[in-house]
Amino acid sequence: MSLENIIQKTSEWITGEYSWKLLCPICGLDYVHITALKCLRSTDETTITNKGIFVKQAQNDMRGVKITLQYRCENGHVGEITLQFHEGCVFLSHTVSPETKGLQDIWRD
Ligand SMILES: [Zn+2]
0 MSLENIIQKT SEWITGEYSW KLLCPICGLD YVHITALKCL RSTDETTITN
50 KGIFVKQAQN DMRGVKITLQ YRCENGHVGE ITLQFHEGCV FLSHTVSPET
100 KGLQDIWRD
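Numbering (numbering that gives the first Met the number 0), first residue to last: 0 to 108.
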């Protein structure tokens with residue numbers, strides 16, 4: 000699996016507003032949970048988890064902004080999909096995370 004295949008057309012939402020579904024970049028499973036959202040702008044990193052919203056200082060040697068979506072699929076894979084805005088373009092990358100314990104959905108009713 001690669002980033003070329005991380006979305007799938009779906010008709011599960013009746014309104015059609017959300018017609019694409021995120022797949023696990025590792026195994027392709029469509030049961031993917033969002034466990035954290037990070038935004039790095041300059042050296043300010045904002046992280047949202049189920050525990051709250053946190054801002055800290057972080058290393059950053061890139062211009063632009065980096066938005067990272069941390070996920071956990073129901074097969075146990077954990078990783079981060081990152082969008083890096085740089086010189087007018089948005090670049091995507093994926094890293095596999097060894098951290099698998101204690102990750103909870105950001106929010107779930
Ligand atoms: Zn997976």
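Cβ atoms here follow ideal geometry from the backbone N, Cα and C, with glycine treated the same way.
How many angstroms separate the CA atom of residue i from the CA atom of residue j?
i      : j      : result
Tyr-30 : Cys-72 : 6 Å
Asn-74 : Leu-82 : 24 Å
Trp-19 : Gly-51 : 28 Å
Ile-6  : Ala-57 : 30 Å
For residue i, which residues from the same chain have a beta carbon less than 8 Å from its beta carbon, with the 5 sequence-adjacent residues on both sides left out?
i      : result
Ser-41 : Asn-59
Glu-86 : Arg-62 and Gly-63
Hey, is residue i close to ligand 1, as in C-beta under 7 Å from one of its heavy atoms?
i       : result
His-93  : no
Asn-109 : For residue 109 there is no data in the structure shown, the boundaries of the chain being 0 and 108.
Ile-25  : yes
Whose C-beta lies closer than 6 Å to the C-beta of residue i among residues of the same chain, with five residues either side of it excluded?
i       : result
Asp-104 : His-32
Gln-69  : Thr-34, Ala-35 and Glu-79
Looking at residue j and residue i, is the spacing between their C-beta atoms short of 8 Å?
i      : j      : result
His-93 : Leu-2  : yes
Leu-21 : Asn-4  : no
Ile-66 : Cys-38 : yes
Among the residues of its own chain, which have a CB less than 7 Å from the CB of residue i, if the five just before and after it don't count?
i      : result
Lys-8  : Ser-18 and Trp-19
Phe-84 : Gly-63 and Val-64
Any 3 or more C-beta pairs closer than 8 Å across the segment 93 to 100 and the segment 45 to 55
no
Any 3 or more C-beta pairs closer than 8 Å across the segment 56 to 65 and the segment 21 to 28:
no
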